[in-house]
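Chains as they are written, first to last, in our numbering: chain V, 25 to 150; chain G, 19 to 251; chain U, 1095 to 1335.
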């Protein structure tokens, strides 16, 4: 699959991208929301792996922007983030309205679990 | 280009949709020209002069020309006020999108100027980290009800008896008024707070009320129920 | 930026520490993930080394996370999510999470939970973070001792409730040890010297977390061992379910 990895930390991005590549995927890396839209434009992703804490425009803004393009409505998004999800008041919105299929808390997610989540991500019903 | 056909106004982005390879259609709320649907050409290209100037959570000065059907063309945009702190917090971002969606759905094509100012005030409140999200949500819901003509009766019971301190009340949704009950959930403080909220007092002022967190929780139940009842989306 | 509502009660220093804790998570995570990757690359000895790096990084990560969690809950930045918790299952998970760290130190973990312990009402994440933080200290303590005895992750019934905690044969804790340690924590280099060298931060992080559950950490005795445990109240309501 072709994965769009949106991760601002270069060193972390390297680990995640390498692990996903070893699992047989191609990976496009973006450090922020704007470059992620450009990369998605260049090659349609099969799965997006997204950190919510991004410089400039945050991951929620990216999700709303991403979902405003009809061709990207069904692309599954795996959240892989430092934000403890119980602190987000509206996690349900992320899942029901923004097509987030899996939420992973980064400090507790090994590379193996990340790869598994990506592998099992299925297209979203808009 | 014939500049006399160009129109200028302030605008807030309500929605953006895709159109072709390079263009976007923006739905904008204005104070004097209702809702506009404008084509923003080439905005998907990073080098477009418009890219970056049509930000969400902003008030933008726009120049546009009317189209033959209901979609005009955006000529230029200049960011006037950007409420940049909203996007520093994920919950504020999500509430911001939610309020925009609520307002977009609650208004038709020719909304009064009050709706523009309501959304602008909401952005200003979201931009202020000292104002709690629950309060902003409550305040916004109450203003939408007010603009829709659904302000509840906060002065008297349905039979005209004035509401008094020391008495407790339950809210009757059928009568849209408070009815005295011995163990009613609403007392004087809660009702006074609702009066202030529905009066259009700015969230910045409401946030300074003592005990605002508890008062907000009590009032929110009532207001969100009323929204579900009276504002059909 | 987090929402600063009426509920947030962190003072300036605490906010600084919370920010610091959340910052430290990042490089530790990088070390851990890079080592996870490197471990699949090299030779047997390189594999061992990388597993050790990963284990150390993960345990540090876990401690920092637990500390940040305690600040968030105390400061009402994060809500307590109370639910019925089966103590034996929670301690099973705790023991599993300590396994890799303990193995690196050559320390055995033994799980020892009594039969049919009543569920208690707690925030599972908070309680597990407390037990894991405590467990790490006990692993380090046993690793330092001349005589290697297992660390017992244990829960049993007492007349006061369900007592859950960590024990070892090498701990030399007296009834007053923890009380004195609390007084000198942050001022003495080794506030719990009878147990382990160094700051024993995991004990105080566990202490802080348990306070949010209104459960006090205390010195406990169990099967000729001393240890540190919390007495948790079973919920009488849950008995009706």
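Virtual Cβ for every residue (Gly too), placed ideally from N, Cα, C.
Using DSSP with H/G/I as helix, E/B as strand and the rest coil, what is residue i?
i: residue 106/V; result: coil
i: residue 101/G; result: coil
i: residue 66/V; result: helix
i: residue 196/G; result: strand
i: residue 217/G; result: coil
i: residue 1391/U; result: Since the first residue of chain U shown is 1095 and the last is 1335, residue 1391/U is not available in this structure.
i: residue 88/V; result: helix
i: residue 24/G; result: strand
i: residue 57/G; result: strand
i: residue 53/V; result: strand
i: residue 1207/U; result: strand
i: residue 1229/U; result: helix
i: residue 203/G; result: coil
i: residue 1095/U; result: For residue 1095/U, the predicted model reports a pLDDT of 37, less than 50, meaning its position is unreliable and no value from the coordinates is stated.
i: residue 1292/U; result: coil
i: residue 1200/U; result: coil
i: residue 93/V; result: coil
i: residue 248/G; result: helix
i: residue 73/G; result: coil
i: residue 19/G; result: Interpretation of residue 19/G is limited by its pLDDT of 47, a score under 50 that renders its predicted location unreliable; the figure taken from the coordinates is listed afterwards. Residue 19/G: coil per DSSP, three-state reduction.
i: residue 223/G; result: helix
i: residue 140/V; result: helix
i: residue 48/G; result: coil
i: residue 149/V; result: coil
Return the bridge partner residues of residue i from the DSSP annotation.
i: residue 1176/U; result: 1217/U
i: residue 1255/U; result: 1252/U
i: residue 81/V; result: In DSSP, residue 81/V forms no bridge with anything.
i: residue 130/V; result: Answer is none; residue 130/V lacks a bridge partner.
i: residue 35/G; result: 43/G
i: residue 1262/U; result: 1245/U and 1320/U
i: residue 1328/U; result: 1214/U
i: residue 189/G; result: 196/G
i: residue 1313/U; result: 1322/U
i: residue 101/V; result: 72/V and 124/V
i: residue 29/G; result: 78/G
i: residue 26/V; result: 50/V
i: residue 92/G; result: 82/G
Let me check you understand the geometry: is the CB of residue i closer than 7 Å to at least one non-hydrogen atom of the ligand ZN?
i: residue 249/G; result: For the ligand ZN, the structure offers nothing, since it holds no ligand at all.
May I ask you to list, following chain order, the residues of the stretch 90-114 of chain G that have a beta carbon less than 8 Å from some beta carbon of chain V? 105, 106, 108, 109, 111, 112 and 113
Of all the residues that make up the stretch 1109-1142 of chain U, which are near chain V by a beta-carbon distance shorter than 9 Å? 1116, 1119, 1120, 1121, 1122, 1123, 1124, 1126, 1127, 1128, 1130, 1131 and 1134
Is the stretch 1239-1249 of chain U in contact with the stretch 129-142 of chain V, if contact means three or more CB pairs nearer than 8 Å? no
Tell me which residues of the stretch 73-85 of chain V have at least one Cβ-Cβ distance to chain U shorter than 9 Å, keeping chain order. From the stretch 73-85 of chain V, no residue has a Cβ closer than 9 Å to chain U.
Between the stretch 1100-1120 of chain U and the stretch 1131-1146 of chain U, do three or more beta carbon pairs fall short of 8 Å? no
Under 9 Å (Cβ pairs) to chain U, residues found in the stretch 50-62 of chain V: Within the stretch 50-62 of chain V, not one residue has a Cβ closer than 9 Å to any Cβ of chain U.
Against chain U: residues of the stretch 132-144 of chain V by CB proximity under 7 Å: Cβ contacts with chain U come from 134 and 135.
Count the CB pairs spanning the stretch 50-70 of chain V and the stretch 72-92 of chain G that are closer than 8 Å, and state whether there are at least three. no
Unbroken stretches of the alpha helix (DSSP H), 4 residues or longer, contained in the stretch 97-183 of chain G: 108-124, 131-144 and 151-165
Report yes or no: do the stretch 91-109 of chain V and the stretch 73-82 of chain V share at least 3 C-beta pairs separated by less than 8 Å? The stretch 91-109 of chain V is in contact with the stretch 73-82 of chain V.
Chain U contacts from the stretch 89-110 of chain V (Cβ-Cβ distance under 9 Å): 106, 108 and 110
Within the stretch 1114-1163 of chain U, ranges of the alpha helix (DSSP H) (whole runs, at least 4 residues): none
Can you confirm whether the stretch 1205-1212 of chain U touches the stretch 1278-1295 of chain U when touching is taken to mean that 3 or more C-beta pairs between the two stretches lie within less than 8 Å? no
Cβ-based contacts, 9 Å cut-off: residues of the stretch 30-51 of chain V near chain U: 33, 35, 36, 38, 39, 40, 42, 43 and 46
What residues in the stretch 139-161 of chain G have a beta carbon less than 8 Å from any beta carbon of chain V? Listed in sequence order: 151.
Selection of the stretch 33-54 of chain G by Cβ proximity to chain V, strictly under 7 Å: The stretch 33-54 of chain G vs chain V, Cβ under 7 Å: 34, 35 and 36.
Select from the stretch 1156-1176 of chain U all residues with a C-beta closer than 9 Å to any C-beta belonging to chain V, and list them in chain order. 1156, 1158, 1159, 1162, 1163, 1166, 1171, 1172, 1173 and 1175
Quick one: any contact between the stretch 1162-1173 of chain U and the stretch 1122-1135 of chain U, if contact means 3 or more CB pairs under 8 Å? no
I'd like to know if the stretch 1259-1270 of chain U and the stretch 1315-1331 of chain U are in contact, where contact means that at least 3 CB-CB pairs between them fall below 8 Å. Look at the beta carbons and you see the stretch 1259-1270 of chain U touching the stretch 1315-1331 of chain U: at least three pairs across the two are nearer than 8 Å.
Counting Cβ pairs closer than 8 Å, one from the stretch 137-149 of chain G and one from the stretch 107-117 of chain G, do we hit at least three? Taking a cut-off of 8 Å on C-beta distances, the stretch 137-149 of chain G touches the stretch 107-117 of chain G, as three or more cross pairs fall below it.
Check whether the stretch 154-161 of chain G touches the stretch 211-220 of chain G, counting contact only when three or more Cβ pairs, one atom from each stretch, lie closer than 8 Å. yes
Check whether the stretch 95-108 of chain G touches the stretch 184-195 of chain G, taking contact to mean three or more Cβ pairs, one atom from each stretch, closer than 8 Å. no
Using a Cβ-Cβ cut-off of less than 7 Å, list which residues of the stretch 115-128 of chain V approach chain G; keep chain order. 117
Across the stretch 132-147 of chain V and the stretch 52-62 of chain G, are there enough close Cβ pairs to call them in contact, namely three or more that are closer than 8 Å? no
Given 8 Å, three or more beta-carbon pairs between the stretch 1221-1237 of chain U and the stretch 1185-1196 of chain U: Taking a cut-off of 8 Å for Cβ pairs, the stretch 1221-1237 of chain U and the stretch 1185-1196 of chain U touch, as three or more such pairs fall below it.
For the 8 Å Cβ check, are there 3 or more pairs between the stretch 199-208 of chain G and the stretch 170-179 of chain G? no
Stretch pair the stretch 1290-1307 of chain U + the stretch 1150-1161 of chain U: three plus CB contacts closer than 8 Å: With the cut-off at 8 Å, the stretch 1290-1307 of chain U and the stretch 1150-1161 of chain U touch.
Are three or more beta carbon pairs between the stretch 47-57 of chain G and the stretch 120-136 of chain G nearer than 8 Å? yes
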